[in-house]
Ligand code: PLP
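Numbering (the working numbering), first residue to last: 21 to 410.
So, in structure tokens, the structure goes:
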């Protein structure tokens, strides 16, 4: 039977760029000791305190259908957190709880794009972005950035590429580049959205992982609250990737309409999981600082390991749990390098090409194993690059 064009074209018909990742998984299943630095999965689990809160909520009976837009208590907590951090008045009516940030990305694009509309995003991009756009029937259009501008989009490119488009998706702190968008970049994003009458979808799932610069939510810029949907998540900030709790924060009428989408798709998020998330957010900053600390430390260790040579260079990692390494001096592209590194050194990293054309000749390294093994893998990667460059 014929399947829909929409479902069969989510990946754009070609490779989804995750070949190295799947190959590493196969090798691990065969018992090979592969060092896994591919995906954004913490090397710690969810804190026992959060799990206990979930357990208590479940045993206490919060196992039936939960409120579809999210429990009022969690929506209030998320709204208060956003208001405190951004200064923008935010109430539970501005919040829809979703099963993770990915569902929020899908919901946000569904809310603003009709089939055939153009949805713009920035290259390099988080791997699901083009597929998310295609899965709502919109046309995916990338703004290709450059390593020369540290992968931040320029004002001219933003203004030009968004003409006639419906939405612009941005992500700061950025996966895969680690860039934290500057105030100037965010102003240019806001200017382009206002000039060309676009919705902004701002993916802020790494907002608690900032090593340099300041995270500014573009929703807080003048004239932006009414045209911005913020995507948030507990996954990265609280090491709750498997719990699937995220949110869309936006204008009340958009959130009201998104409730209809949730009713007809996910039917909400498990109540006891939401209670665990609410507990976590009410613990103050300690949990999220504890979750972020290893990445800050490993980012510094990365800079130390790379010092004194110039075959492998780091793109300045200002935030998030990854570093982007420029290996163009080896003469290899990211995909060949990552494949060879996996075959010869049993180290799995993501080729930059998995995240778009702007990151060709780069590698994304997830800093997600303990410090000693991480540094050992990095030193072997550097030595490997030097051998290939010779
Ligand atoms: N956005 C970005 C930039 C990400 O890197 C991820 C996950 O890696 C997500 C969204 C989705 O996260 P989740 O669905 O776990 O909240």
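Using N, Cα and C, we set each Cβ at its ideal position, and we do this for glycine too.
Computed from a predicted model, the values in this text were never measured in an experiment.
Residue nearest to residue i in terms of C-alpha spacing, selected from the options
| i | options | result |
| --- | --- | --- |
| residue 391 | 318, 44, 300 and 254 | 318 |
| residue 224 | 406, 331 and 252 | 252 |
| residue 188 | 333, 59, 206 and 255 | 206 |
| residue 326 | 226, 191 and 405 | 405 |
| residue 192 | 217, 186, 145 and 154 | 145 |
| residue 112 | 156, 42, 332 and 273 | 273 |
| residue 137 | 157, 42 and 407 | 157 |
| residue 141 | 135, 153 and 284 | 153 |
| residue 203 | 176, 238, 171 and 227 | 238 |
| residue 275 | 130, 165 and 31 | 130 |
| residue 380 | 358, 362, 354 and 389 | 354 |
| residue 303 | 97, 362, 25 and 282 | 97 |
| residue 409 | 348, 24 and 358 | 348 |
| residue 261 | 72, 25, 226 and 358 | 226 |
Residue i to residue j span [Cα, whole Å]
| i | j | result |
| --- | --- | --- |
| residue 382 | residue 132 | 33 Å |
| residue 364 | residue 268 | 43 Å |
| residue 399 | residue 148 | 30 Å |
| residue 127 | residue 117 | 11 Å |
| residue 22 | residue 245 | 42 Å |
| residue 162 | residue 29 | 17 Å |
| residue 360 | residue 329 | 21 Å |
| residue 278 | residue 250 | 13 Å |
| residue 91 | residue 143 | 35 Å |
| residue 54 | residue 352 | 22 Å |
| residue 217 | residue 78 | 45 Å |
| residue 44 | residue 94 | 38 Å |
| residue 40 | residue 350 | 19 Å |
| residue 280 | residue 242 | 29 Å |
| residue 345 | residue 101 | 34 Å |
| residue 99 | residue 110 | 5 Å |
| residue 173 | residue 86 | 40 Å |
| residue 194 | residue 167 | 14 Å |
| residue 60 | residue 401 | 19 Å |
| residue 403 | residue 208 | 40 Å |
| residue 285 | residue 88 | 10 Å |
| residue 372 | residue 49 | 25 Å |
| residue 309 | residue 315 | 10 Å |
| residue 323 | residue 407 | 20 Å |
| residue 331 | residue 52 | 28 Å |
| residue 287 | residue 320 | 42 Å |
| residue 65 | residue 289 | 20 Å |
| residue 159 | residue 150 | 9 Å |
| residue 74 | residue 263 | 10 Å |
| residue 254 | residue 67 | 12 Å |
| residue 196 | residue 271 | 29 Å |
| residue 119 | residue 190 | 20 Å |
| residue 32 | residue 103 | 38 Å |
| residue 124 | residue 155 | 13 Å |
| residue 164 | residue 27 | 26 Å |
| residue 389 | residue 396 | 11 Å |
| residue 42 | residue 356 | 15 Å |
| residue 305 | residue 80 | 27 Å |
| residue 291 | residue 76 | 12 Å |
| residue 178 | residue 235 | 20 Å |
| residue 135 | residue 358 | 36 Å |
| residue 283 | residue 222 | 23 Å |
8 Å contact criterion, which residue i and residue j should meet: CB distance rounded
| i | j | result |
| --- | --- | --- |
| residue 307 | residue 57 | About 24 Å; that fails the 8 Å criterion. |
| residue 198 | residue 343 | 6 Å |
| residue 300 | residue 115 | In fact, because the Cβ distance is near 16 Å, the residues do not count as touching under 8 Å. |
| residue 230 | residue 200 | 6 Å |
| residue 259 | residue 62 | 4 Å |
| residue 240 | residue 107 | 6 Å |
| residue 38 | residue 374 | 6 Å |
| residue 186 | residue 220 | About 11 Å; that fails the 8 Å criterion. |
| residue 393 | residue 370 | 18 Å between Cβ atoms; not a contact. |
| residue 386 | residue 171 | 17 Å between Cβ atoms; not a contact. |
| residue 228 | residue 334 | Their Cβ separation, rounded to whole angstroms, is 21 Å, which puts residue 228 and residue 334 out of contact at 8 Å. |
Cβ of residue i within 9 Å of any chain B Cβ
| i | result |
| --- | --- |
| residue 121 | Although the question refers to chain B, the structure presented lacks it and comprises just one protein chain. |
I want to know whether the region 204-216 touches the region 175-183 - three or more CB-CB distances under 8 Å. Touching, yes.
Quick check on the DSSP output: what are the complete alpha helix (DSSP H) runs of length 4 or more inside the region 237-262, in order along the chain?
Segments of the alpha helix (DSSP H) lying fully in the region 237-262: there are none.
Practice prompt. Please determine if the region 284-303 and the region 330-340 are in contact, where contact requires at least 3 C-beta pairs separated by less than 8 Å.
Written response: As far as the Cβ criterion goes, the region 284-303 does not touch the region 330-340, which means the pair count is below three.
Mind listing, in chain order, the continuous alpha helix (DSSP H) runs of no fewer than 4 residues lying wholly within the region 350-386?
354-365
Ordered list of beta strand (DSSP E) runs contained in the region 174-236, each at least 3 residues: Taking only runs of at least 3 residues, the beta strand (DSSP E) segments lying wholly in the region 174-236 are 187-191 and 219-223.
Minimum length 3: unbroken beta strand (DSSP E) runs contained in the region 123-152:
Qualifying beta strand (DSSP E) stretches, in chain order: 138-143.
Which parts of the region 91-118 are runs of the alpha helix (DSSP H), unbroken and 4 residues or longer, counting only runs that do not cross its ends? 92-106
_Whole alpha helix (DSSP H) elements within the region 289-350, 4-residue minimum_ = 291-301 and 306-326
Practice prompt. Could you tell me which uninterrupted alpha helix (DSSP H) segments, each at least 4 residues in length, are contained entirely in the region 37-69, listed from first to last along the chain?
Written response: 39-49
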